[in-house]
Amino acid sequence: MLIGMVNTEGNPNGLDFPDLRRFTEASFEYMNACGGFGGRPVKLETCVSGGTPETSQACAQELVGKKVELILLGLDLFPDFATYEAAGVPVIGVLPILPPDFTANALFLTGGNATTTAVMAVIAQDRYQAKTVGIIHADNAGANSTAAGVEAALDKAGITWKAVTGGDNETDAGYLGLMQQANADDPDLLISLYADAGCIGTIRGYKTAGITKPVLTTSICSDSDVISQVGDAATNWVFVGATPERDTPEKALLQSIVAPYIKNEATGEMGIEPADVATGALGLGGLGTVLALSLRNFAAEMVAGGTEMTGPNLYDFLKSADGLFLYGGITPVKCGLATPSYPSICSYVFEATEYKDGAVVSVDGGKLWDSTPLLP
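The sequence shown begins at 1453 in my numbering and counts up one residue at a time.
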């Protein structure tokens, strides 16, 4: 079985996600060693796009030319859906990025920013009964788009908001100033859309400013590398879309699959012990395992029901089946639940975590927050 995958890497503007491809490749290597993909041996043909429409189109033409029977999208900003559709090749992605993805003739296992931003508004409304919110984010195209989603969801909830923008990278004093500005009108809670180093800067700025009210942010800021830097300063921070570490067979399998593809900082070589894999610190690369291993489970269920394993059959099964879950067994999958605005999205509910008593733990006992009431 020949499958194609498109993923963005090597873009000079920071769009570089090789771990997503590597972890997907590792997952399919595991499948081939353990019975195949739906019982069939599988070969994954990958094509790296450069974060431009031209490179995405070239990848689509290349993979269609190789006669793949299914296309997987890692992070591809400009998927050439027209080429795939003309060739009759189904498309399954892990994360919609830009608005055209939401209505494309494709399926995405997660909802990306659309569902994350809606759940931020749901939590603000339902958990905190917030009437006013202060938002901080970087002033760039991606962050502005995410902020617009948050603002639209807050508008839908009837919550008043005020946004403050900063640079992509700020000094500690800069992050402190942003937190103080966002808190100047004493809103009921804050929302921070900064990521990576910005997580550390904003959490420290929050602590230095003496703010104690809740802050909602994305799952990126729950990364163990962030928490190890900020410690108890993250108290009252809620990480939307994050899941706590759980010792399960699924976690152990994931650790064994990706361990050879993680750099050992002590030796400089690739490969660490499976037990040393922090599954909460895989970043966007972890989406590669979510994509491949979820599809592996769906394929097994489909074949067990008597349907032949092909790319089109798997696509049709995913599009119509009930009772499916993303890898890990927590997040339910139901494609097209929020049609007509979001027909390609397949999951709408997810957990949130918070920093509490020295650890990142699930909010409200593992409650699943539903994005659909406030999808913008």
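We treat Cβ as the ideally placed atom computed from N, Cα and C, and that holds for glycine.
Here the structure is a predicted model, which means the values were calculated and not measured.
Between T1741 and the set G1563, L1705 and L1515, the nearest pair of CA atoms involves L1705. Considering only I1655, G1817 and T1759, the residue with the shortest C-alpha distance to F1769 is T1759. Boundaries around T1460 are those of the beta strand (DSSP E), L1454 to T1460, since no alpha helix (DSSP H) includes it. In this structure L1789 is not in contact with S1746, their Cβ atoms being roughly 17 Å apart against a cut-off of 8 Å. Counted as a single uninterrupted DSSP element, the beta strand (DSSP E) harbouring G1618 occupies residues T1612 to G1618.
Taking C-beta atoms as the reference points, T1584 and D1528 fail to come closer than 8 Å.
Relative to the Cα of Q1509, the nearest Cα in the group G1517, D1532 and D1677 belongs to D1532. About 5 Å separates the CB atoms of A1609 and A1573; that is less than 8 Å, so the two are in contact. Within the segment 1671–1714, the runs of beta strand (DSSP E) at least 3 residues long that lie entirely inside it are, in chain order, 1689–1692. V1667 is positioned such that its CB atom lies closer than 8 Å to that of V1690. The distance from the Cβ of V1500 to that of M1483 is about 22 Å, inconsistent with a contact at the 8 Å cut-off. Straight-line spacing of the CA atoms in P1548 and A1600 works out to 16 Å. Taking 8 Å as the cut-off, the beta carbon of D1822 is found closer than this to the beta carbon of Y1800.
In the DSSP secondary-structure assignment, I1588 is bridged to V1616 and S1644. Pairing N1716 with E1725, the inter-Cα distance amounts to about 9 Å. CA-CA distance, I1455 to M1722, rounds to 26 Å. If you ignore the 5 residues before and after T1731, its C-beta comes within less than 8 Å of the C-beta of E1697, K1703, L1706, Q1707 and G1738, all in its own chain and listed in chain order. Here the alpha carbons of C1787 and I1663 stand approximately 40 Å from one another. The C-alpha of N1688 is placed about 16 Å away from the C-alpha of Q1681. Only buried fits E1803, as 16 or more other CB atoms lie within 10 angstroms of its CB. Looking at Q1581, A1605, G1517 and G1503, the one whose alpha-carbon comes closest to that of E1497 is G1517.
Annotated three-state conformation of V1729 is coil, per DSSP.
Counting only residues of its own chain and dropping the five nearest sequence neighbours on each side, T1612 has a CB closer than 6 Å to the CB of T1584. For K1659, the enclosing alpha helix (DSSP H) begins and ends at A1649 to T1660.
M1453 places its beta carbon less than 8 Å from that of E1521. In terms of CA proximity to D1591, S1644 leads the group T1555, D1578, S1644 and T1562. The DSSP assignment places complete alpha helix (DSSP H) segments of no fewer than 4 residues inside the segment 1475–1549 at 1505–1517 and 1533–1539, in order along the chain.
According to the DSSP secondary-structure assignment, T1669 is paired through a beta bridge with F1691.
Distances from the CA of E1514 to each of T1535, D1648 and D1624 were compared; the closest alpha carbon is that of T1535. CA-to-CA, the gap between A1615 and A1582 works out to about 16 Å.
Annotated three-state conformation of F1802 is strand, per DSSP. Taking the Cβ atoms as the reference, S1796 lies roughly 5 Å from A1556, within the contact range of under 8 Å. For A1756, no beta strand (DSSP E) encloses it; the enclosing alpha helix (DSSP H) starts and ends at G1738 to A1756. In this structure, A1744 sits near T1476, with a CB-CB distance shorter than 8 Å.
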